[in-house]
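Please read the structure below before turning to the comments.
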Amino acid sequence: MRTTSALFLLFGTLFMAAGYGATFLISSYFSMQGGSDIDTGIAMSFALIGTLIGVPLVGWFAGLVEAAWLAAIAALTLAAGFLMLGSSSDNCGHIINFAALLIGLGWGMFYISGPMALSERINDLNRGSWFTRFSAFQMAGICGGPILLTAIVEQSEVSLHSAFNYVGLAGVLASFLLIVFGVKERRSIHESATRSWVKKLPQIGLSSAIRPIIMVGLGGCVFSAIMTFQSSLVDGTDSRASTFFAVHAVTVVISRLLFARYLSVLPRLKMVSSLMLCLILGVLCMLGLNIHPSFQIMSAVLTGLGYGLVYPVIQTWAINESDLENRHAALTWFVVSYFVGIFGFPVFGGWVLVEAGKVCFISLVAVIASLELAVATVPAIRRTHPL
1 MRTTSALFLL
11 FGTLFMAAGY
21 GATFLISSYF
31 SMQGGSDIDT
41 GIAMSFALIG
51 TLIGVPLVGW
61 FAGLVEAAWL
71 AAIAALTLAA
81 GFLMLGSSSD
91 NCGHIINFAA
101 LLIGLGWGMF
111 YISGPMALSE
121 RINDLNRGSW
131 FTRFSAFQMA
141 GICGGPILLT
151 AIVEQSEVSL
161 HSAFNYVGLA
171 GVLASFLLIV
181 FGVKERRSIH
191 ESATRSWVKK
201 LPQIGLSSAI
211 RPIIMVGLGG
221 CVFSAIMTFQ
231 SSLVDGTDSR
241 ASTFFAVHAV
251 TVVISRLLFA
261 RYLSVLPRLK
271 MVSSLMLCLI
281 LGVLCMLGLN
291 IHPSFQIMSA
301 VLTGLGYGLV
311 YPVIQTWAIN
321 ESDLENRHAA
331 LTWFVVSYFV
341 GIFGFPVFGG
351 WVLVEAGKVC
361 FISLVAVIAS
371 LELAVATVPA
381 IRRTHPL
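Taking full-length UniProt numbering, the leading residue of the sequence shown gets 1, the next gets one more, and so forth.
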C-alpha cells in the first residue's frame with residue numbers, strides 16, 4: 001500500500017476518532033443541565049445499541065461493499081448524530097438518545113470497517129506496524145477531540161451545542177477523505193457474497209484468538225471508565241480533565257509511533273504482562289487525585305503506555321492467531337467485545353460512581369484491569385505448569 005494513499009485513511013481516522021472523543025464531553029453536557037453520570041450512562045447505552053447494529057452490518061456486508069466505502073458511510077452517520085445533538089434543545093431527551101444511537105452506529109461501523117479497509121491492503125508481516133500507526137492516529141483523535149472542544153468552549157465562549165456541530169462537520173470531512181482513499185487504493189480481492197461471522201464463534205472460541213477478544217472487552221471497560229467519567233473524577237480537586245486527555249494522548253501517540261516496529265517482535269506474554277501492570281498502576285494512581293495533581297499525570301502516562309500499547313498487540317494477536325478463513329470473523333468479534341466494554345460499562349459504572357463514590361469506582365476499574373491481565377497470563381501458566 002502506498003504511503004500517500006494511506007494518509008487519506010489515517011487523517012480520515014483522525015477526524016472520525018475526534019468525533020468519538022467528543023462523547024467524553026457528554027458527562028459535562030448533562031452536568032450543565034443538572035443531570036448526573038447516571039444520565040450519561042443511559043445515553044451511552046443508546047450508543048451501545050447503535051454499535052451493536054453497526055458492527056454486524058459491516059461484518060455481514062463487507063463482502064459486498066468495499067470496506068472503505070462503508071467507513072465513509074459510517075462517518076456521515078456519526079456526523080448526523082452530532083449535528084442532531086448540536087441542534088437539540090436542552091429538554092429533548094429522546095432526541096439526545098437517538099443522536100447517541102447514531103453516533104454509536106457510525107463509530108461502530110467505522111471501528112471495524114476502518115481496520116478492515118487497511119487489513120485488506122497489507123500482508124501479515126506489515127500488519128502489526130500498520131495497525132499501530134492506524135491506532136496512533138485514532139488515539140490522537142480520541143483524546144485530541146475533547147481537548148480541542150473544551151478549549152473552544154472555554155476560550156471562545158462557544159456553546160457546547162455549537163461545538164458538537166463542529167464535530168459533525170469534521171465527520172463530513174472524514175467521509176470525503178475515506179472516499180478518496182477507497183478510490184486511490186483499490187483492494188485486490190473482490191467478493192460477491194456476504195461474510196458469515198456469527199457461526200464461526202465456536203471455532204474462534206477454541207483457538208487462542210478468544211483470549212485477546214475477551215481482553216479487549218475488559219480493556220474497553222477500563223478505558224471507558226477513566227475517559228468518560230474523567231470530569232467527574234477530578235471534580236473537587238486541583239486537576240483538570242483536559243490535562244489527563246492531553247497527557248494520555250501524547251503518551252499513546254508517541255509510544256505507538258516509537259515502538260511500532262518492535263511490538264511484533266518482542267515476546268508477547270512478557271510484553272502484555274508488563275503493559276497490563278502499567279495500566280493497573282495507572283488506574284490506582286487516580287486514588288491520589290485529592291493529594292496532588294501529579295497523580296493524575298502519572299495515571300495518564302501509565303494508562304497511556306499500558307492501554308495504548310497493549311491494544312494494537314492484542315488486535316494483531318486476534319487476527320494472526322485465527323485461521324485465514326476466520327480472520328474476518330475474529331476481527332468482527334474483537335470489535336463487538338470492545339464496544340460492549342466501551343459503551344456498556346458506563347451504564348453500570350455511572351451508577352457505582354454516583355451511589356458508591358470515587359474510591360469504590362476506581363477500585364472496581366482496577367479489578368477489571370487485573371482480570372484482563374489474568375486472561376492474558378493464566379492459560380500460559382497452566383501450559384507451563386500442568387496440574
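Using N, Cα and C, we set each Cβ at its ideal position, and we do this for glycine too. Remember, it's a predicted structure, so these values are computed and weren't measured experimentally.
- Query: Which residues mark the beginning and the end of the alpha helix (DSSP H) in which Glu355 is found?
  - Reply: 327-356
- Can you give the Cα-Cα distance for Cys360 and Leu233, rounded to whole angstroms? 12 Å
- Message: Between the alpha carbons of Leu85 and Ser31, how many angstroms are there, rounded?
- Response: 16 Å
- Environment of Ser113 [buried if 16+ CB atoms lie within 10 Å]: buried
- Taking DSSP as the reference, what is the three-state secondary structure of Ser192? Bear in mind that a pLDDT of 47 at Ser192, under 50, signals an unreliable position, so the number given afterwards is only what the model happens to contain. Three-state result, Ser192: coil.
- Item | Spatial distance of Cys285 from Leu309 (CA atoms) | 19 Å
- Please work out which residues of its chain come closer than 7 Å, Cβ to Cβ, to Ala174, disregarding the five sequence neighbours upstream and downstream, and give them in chain order. Gly12, Phe15, Met16, Ala75
- Residue ranges of each alpha helix (DSSP H) run of no fewer than 4 residues wholly in the region 199-275, ordered along the chain? 201-205, 210-228, 230-233, 241-259
- Message: Excluding the 5 residues flanking Ala366 on each side, which residues of the same chain have their C-beta closer than 8 Å to its C-beta?
- Response: Ile280, Val283, Leu284
- Message: What does the Cβ neighbour count give for Asn290, buried or exposed, with the cut at 16 atoms within 10 Å?
- Response: exposed
- Message: With a threshold of 8 Å on Cβ separation, who are the neighbours of Ala47 within its own chain once the five nearest residues in sequence on each side are excluded?
- Response: Thr23, Ala100, Leu101, Ile103, Gly104, Trp107, Phe343
- Query: Rounded to the nearest angstrom, how far is the Cβ of Ala209 from that of Ala376, given a contact under 8 Å?
  - Reply: Not really, about 13 Å apart at Cβ, beyond 8 Å.
- Query: Ends of the alpha helix (DSSP H) at Met32?
  - Reply: 26-32
- Item | Burial state of Ala18, where buried means 16 or more other Cβ atoms lie within 10 Å | buried
- Query: Expressed to the nearest angstrom, what Euclidean distance is found between the alpha-carbon atoms of Ala300 and Arg261?
  - Reply: 23 Å
- Query: Helix, strand or coil: how does DSSP classify Val65 here?
  - Reply: coil
- Message: Taking 6 Å as the limit between beta carbons, can you name the residues of its chain near Gly171, skipping five residues before and five after?
- Response: Gly19, Ala75, Leu78, Ala79
- Query: Tell me which same chain residues have a C-beta within less than 6 Å of the C-beta of His248, skipping the five on either side of it?
  - Reply: Cys143, Ala300, Gly304
- Item | Ser162 versus Leu148: straight-line alpha-carbon distance, rounded | 13 Å
- Got a sec, what are the start and stop residues for the alpha helix (DSSP H) Leu173 sits in? 160-184
- Answer with buried or exposed for Thr4, where buried requires no fewer than 16 other C-beta atoms within 10 angstroms of its C-beta. exposed
- Closest by C-alpha distance to Leu57, when choosing among Arg256, Ala71, Asp39: Ala71
- Task: Would you decide whether Arg186 is buried or exposed? Buried here means 16 or more other CB atoms lie within 10 Å of its CB.
- Result: exposed
- Alpha-carbon to alpha-carbon, Val272 and Val313: 8 Å
- Three-state class that DSSP yields for Asp37 in the structure shown: helix
- Task: Pull up the distance between the alpha-carbon of Leu302 and that of Val250, whole angstroms please.
- Result: 12 Å
- Do Phe223 and Tyr307 have their C-beta atoms within less than 8 Å of each other? yes
- Query: Would DSSP call Asn290 helix, strand or coil?
  - Reply: coil
- Selection from Trp130, Phe137, Ser156, Val167 that minimises the alpha carbon distance to Pro146: Val167
- Message: For a quick check, are the C-beta atoms of Gly350 and Gly41 less than 8 Å apart?
- Response: yes
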